[in-house]
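All the letters of the sequence shown, read from the start, carry residue numbers 5 to 629 under my numbering.
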Amino acid sequence: MEEKKFDPWQLVGMVLIAGILTWMMFNNSAEKQEELEAEQNKTEQVEGVASEQNTAETKIAETPATASPTDSLAVAKLQSSLGAFAYSATLPSASDSEQVLENDLIYAKVSNKGGQISELYLKEFVTYDSLPLHIVKDGNTSFNINFGTTDNHILNTRDLYFEPSLSKNGENTVLSMKLKVAADRFLEYRYELNPNSYMIDFSVRSQGLSQVLNSNGPINLDWQMKGLRRSKSVTYENRYTRLSYEHDGGKHSKLGATGEDEEVEEGLSWISFRQHFFSAILLTDIPFKEATLSSVDLVEDEGKDVQFTKAYASSIPLTLDGGELNYGMDFYFGPTDFNTMRKYDRGIENSIPFGWGIFGWINKWIFTPLFGFLSGFLPFGIAIIAMTIIVKLLLSFVQYKQYVSQAKMKVLKPEIAEINEKYKDDAMKKQQETMKLYNKAGASPMSGCLPAVLQMPVFYALFMFFPTAFILRQKPFLWAEDLSSYDVVAELPFNIPFYGDHVSLFPILASIAIFIYMMMTTGQQMQQTQPGMPNMKFIMYLSPLIMLVFFNNYASGLSLYYFISNLITIGIMLVIKNYILDEEKIHAQVQEQKKKPKKQNRFQKKMAEMMEQAEAQQKTKAKKR
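Structural data, given as structure tokens:
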């Protein structure tokens with residue numbers, strides 16, 4: 005179950021869908037400051053320690069046997085600042101070198117300093133401008149454990165040097181990074197990578213540190229990342245870039261898509277730093293008891309020099325087990341692809357924004373396998389068209405019911421006009437007589453609404469499906485170079501607010517198709533908007549305009565779907581009206597139905613009684629006057 009948070013960018017699609025469907029229906033303080041100051045002082049203290057450590061390490065490495073008294077003082081000062089962990093600064097590994105972890109899918113470097121991944125890219129993918137697709141690069145990620153020691157030192161693993169050791173476990177590559185107090189006392193990060201996996205088995209454990217780690221002070225794991233831009237439209241990519249997480253028990257939630265958001269959550273089994281089509285996910289074997297999660301939106305405009313999308317951060321308190329750290333975890337660095345993620349059987353595929361409730365269910369279990377099947381033997385653009393045709397044909401019986409209802413209402417239009425004229429000064433009586441007519445004729449103005457409502461889950465599910473379909477990434481069709489990004493037929497020498505600096509053709513075609521469909525279904529009803537009903541003429545122009553302007557930066561695959569969908573709708577409508585529906589026959593059926601005695605159901609009886617009571621009360625009030 006997913007906790008729903010409002011995503012304003014979904015409003016665009018919802019307005020468009022709502023427009024079309026509406027047409028179908030109706031034709032924390034001083035204490036806090038002290039904490040902040042204490043934290044700042046702590047940070048400054050650690051930074052000073054790290055600086056002294058680096059200076060002393062250089063001297064140790066250069067002249068360990070002939071060190072001057074001054075150098076010896078520096079070493080002594082460093083050892084004093086590091087306390088129990090001063091041993092690590094005297095090891096040969098106390099240098100800024102890196103170890104390589106590599107398989108068929110990923111290439112990663114792990115730095116001796118901090119023992120953390122300093123670079124990672126995916127071998128099978130490139131960015132929109134054909135560069136290696138990095139998830140970790142140039143310090144955009146930080147993995148750190150902050151802890152206190154029994155000799156009153158506060159340390160950060162990111163500032164300390166680990167001793168590396170590479171080995172093999174069968175076909176798997178194992179990298180052990182140890183931050184040592186002594187040869188047999190250490191804090192270890194252990195990475196294990198198998199030959200064909202995006203998942204890195206990762207663990208944090210300590211040995212012989214029960215008398216070194218301060219069990220009364222906090223031990224925090226801090227994992228931070230700035231999402232790297234990988235797509236042509238950074239604003240579009242950023243809409244689907246989001247921090248999501250899973251609670252122990254399977255409940256899923258996420259932080260806000262825009263601005264700044266922060267939450268303190270309990271019992272988390274994984275945390276995902278999703279970057280649209282690619283994700284960095286930290287999983288744990290034993291759920292984290294608590295985590296403070298935050299997300300900051302870094303994208304202000306569609307500038308070509310924008311490098312980052314969002315800044316993610318997670319702070320996780322760790323607990324000691326018998327005085328030692330012992331956490332089994334995993335890192336997933338790979339595509340945000342349903343079929344790929346599902347193979348690991350950890351539920352990380354639920355980080356994909358398929359939509360909530362029934363919409364997500366439809367996307368996961370109907371549209372994803374259907375499109376995967378079609379694209380297995382068809383070009384991707386043709387597969388979109390084929391899937392659209394299949395969906396529209398399956399929903400054609402719903403459209404038929406809707407058109408039959410509209411035809412009945414058209415047949416009754418003259419009689420409704422007579423009732424309106426006859427009881428124009430008595431609204432209650434006019435409503436009563438109108439309902440009687442509908443009841444006798446077996447028609448209802450609301451009978452056309454149900455078919456439109458039934459189509460809404462499908463429409464919204466597809467609106468969420470195409471932007472998240474990893475399979476469409478960098479797949480061309482006709483003039484579109486990438487169906488997961490916007491198509492370009494002309495570059496503009498200036499930027500138009502909301503629209504952009506280019507012209508996309510698929511949104512234009514989709515807008516024209518929507519407009520034609522609405523014009524065809526308007527007829528004379530456009531000028532007969534009833535009180536309380538939406539302005540159909542306004543909706544007729546608004547929906548194509550939204551498609552034209554806002555979808556100019558959306559995935560061309562989504563615009564292609566809307567274009568084909570509306571063309572098919574127009575075709576089905578013409579076939580039903582011209583070859584299936586016979587208005588004269590429907591007129592005869594309605595007249596025949598009116599002659600038959602119509603037994604009212606319980607609801608209709610209750611409504612009639614209520615209206616009669618209201619009419620009687622109205623008459624009583626009129627007499628008293």
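Don't be surprised by glycine CBs; every beta carbon is placed ideally from N, CA and C.
Cut-off 6 Å between Cβ atoms - residues of its own chain near residue i, not counting five sequence neighbours on either side
i: Gly338; result: Tyr202
i: Leu197; result: Leu105, Asn107, Thr177 and Ile204
i: Ile320; result: Leu225, Phe292 and Ala295
i: Asp252; result: Gly271, Ser273 and Pro291
i: Asp289; result: Gly332
i: Asp100; result: Lys117
i: Thr372; result: Phe342
i: Ser299; result: Leu247, Leu259, Asp265, Lys314 and Tyr316
i: Leu95; result: Glu167
i: Gln103; result: Val114, Pro168 and Leu179
i: Glu51; result: With a pLDDT of 44 at Glu51, under the threshold of 50, the predicted position of this residue should be treated as unreliable, and no value is reported.
Nearest neighbour of residue i, chosen from the options [CA to CA]
i: Pro497; options: His506, Tyr490 and Ser489; result: His506
i: Gly359; options: Asp142, Val185, Ala93 and Ala465; result: Ala465
i: Glu335; options: Ala88, Trp274, Lys368 and Val303; result: First, the amino acid is wrong: residue 335 is Phe here, not Glu. Phe335 has its Cα closest to that of Trp274, out of Ala88, Trp274, Lys368 and Val303.
i: Lys182; options: Glu167, Tyr348 and Ser214; result: Glu167
i: Asn218; options: Thr323, Leu124, Phe567 and Asn367; result: Thr323
i: Phe312; options: Asn242, Phe510 and Trp369; result: Asn242
i: Met460; options: Pro373, Val395 and Arg278; result: Val395
i: Leu171; options: Trp369, Arg194, Gly327 and Met439; result: The sequence given here places Ser at residue 171; Leu does not occur at that position. With distances taken between Cα atoms, Ser171 lies closest to Arg194.
i: Pro222; options: Asn156, Phe206, Thr344 and Tyr240; result: Asn156
i: Gln215; options: Asn200, Met523, Ala90 and Glu328; result: Glu328
i: Ser283; options: Gly307, Trp227, Asn330 and Ile352; result: Ile352
Segment limits, alpha helix (DSSP H) that includes residue i
i: Lys258; result: Element bounds for Lys258: not the alpha helix (DSSP H) but the beta strand (DSSP E), His256 to Lys258.
i: Pro418; result: Lys417 to Lys426
i: Leu2; result: The structure shown has nothing for residue 2, since the chain only spans 5 to 629.
i: Arg477; result: Counting along the chain, Arg477 falls outside any alpha helix (DSSP H), and DSSP gives it neither H nor E.
i: Ser563; result: Ser560 to Val579
Cut-off 7 Å between Cβ atoms - residues of its own chain near residue i, not counting five sequence neighbours on either side
i: Met385; result: The identity of residue 385 in the sequence shown is Gly, whereas the question assumes Met. Closer than 7 Å at Cβ, skipping near neighbours: Phe481, Leu482, Leu487 and Leu564.
i: Gly364; result: Phe358
i: Met551; result: Leu20, Pro511, Ala514, Ser515, Ile518 and Tyr566
i: Tyr521; result: Asn570, Thr573 and Ile574
i: Ile356; result: Thr340, Phe342 and Thr472
Other residues of its chain near residue i: CB distance less than 8 Å, five sequence neighbours each side excluded
i: Phe502; result: Val553 and Phe554
i: Ser379; result: Ala387 and Ile475
i: Glu128; result: Leu109
i: Ser489; result: Tyr132, Ser235, Lys236, Ser237, Tyr240, Ala559 and Ser560
i: Pro199; result: Asn107, Asp108, Glu175 and Asn176
i: Gly307; result: Val238
Residue i Cβ short of 8 Å to the ligand HEM heavy atom set
i: Phe312; result: The ligand HEM is absent from the structure shown, which contains no ligand whatsoever.
First through last residue of the beta strand (DSSP E) which encompasses residue i
i: Trp274; result: Glu264 to Gln279
i: Val114; result: Ile110 to Ser115
i: Asn148; result: Thr145 to Gly152
i: Ala284; result: Phe282 to Asp301
i: Trp227; result: Asn224 to Leu232
i: Pro497; result: Ala494 to Ile500
i: Asn330; result: Asn330 to Pro339
i: Glu241; result: Segment Val238 to Arg243 is the alpha helix (DSSP H) holding Glu241; no beta strand (DSSP E) there.
i: Gly504; result: Gly504 to Val507
i: Arg194; result: Arg189 to Leu197
i: Leu183; result: Asn176 to Ala186
Distance between residue j and residue i (C-alpha atoms, nearest Å)
i: Asp429; j: Val579; result: 42 Å
i: Tyr583; j: Leu297; result: 59 Å
i: Leu549; j: Ser515; result: 7 Å
i: Asn144; j: Lys113; result: 14 Å
i: Leu546; j: Ile568; result: 20 Å
i: Thr472; j: Met577; result: 30 Å
i: His280; j: Asp341; result: 10 Å
i: Leu374; j: Lys426; result: 55 Å
i: Asn557; j: Tyr566; result: 15 Å
i: Tyr125; j: Leu137; result: 5 Å
i: Asn499; j: Phe381; result: 40 Å
i: Gln478; j: Thr262; result: 26 Å
i: Phe463; j: Gly361; result: 14 Å
i: Ile285; j: Glu123; result: 16 Å
i: Lys255; j: Asn354; result: 10 Å
i: Val492; j: Glu485; result: 8 Å
i: Trp227; j: Met345; result: 21 Å
Review point. At a cut of 8 Å, does the stretch 313-325 reach the stretch 224-241 through at least three beta carbon pairs?
Key: yes
Check your understanding: Using 8 Å as the threshold, is the stretch 177-193 in touch with the stretch 208-216, meaning 3 or more CB pairs across them?
Key -> Judged by Cβ distances under 8 Å, the stretch 177-193 makes contact with the stretch 208-216, as three or more pairs qualify.
**Study point:** Segment contact, 8 Å Cβ cut-off, at least three pairs: the stretch 156-170 with the stretch 252-271
**Key:** Touching, no.
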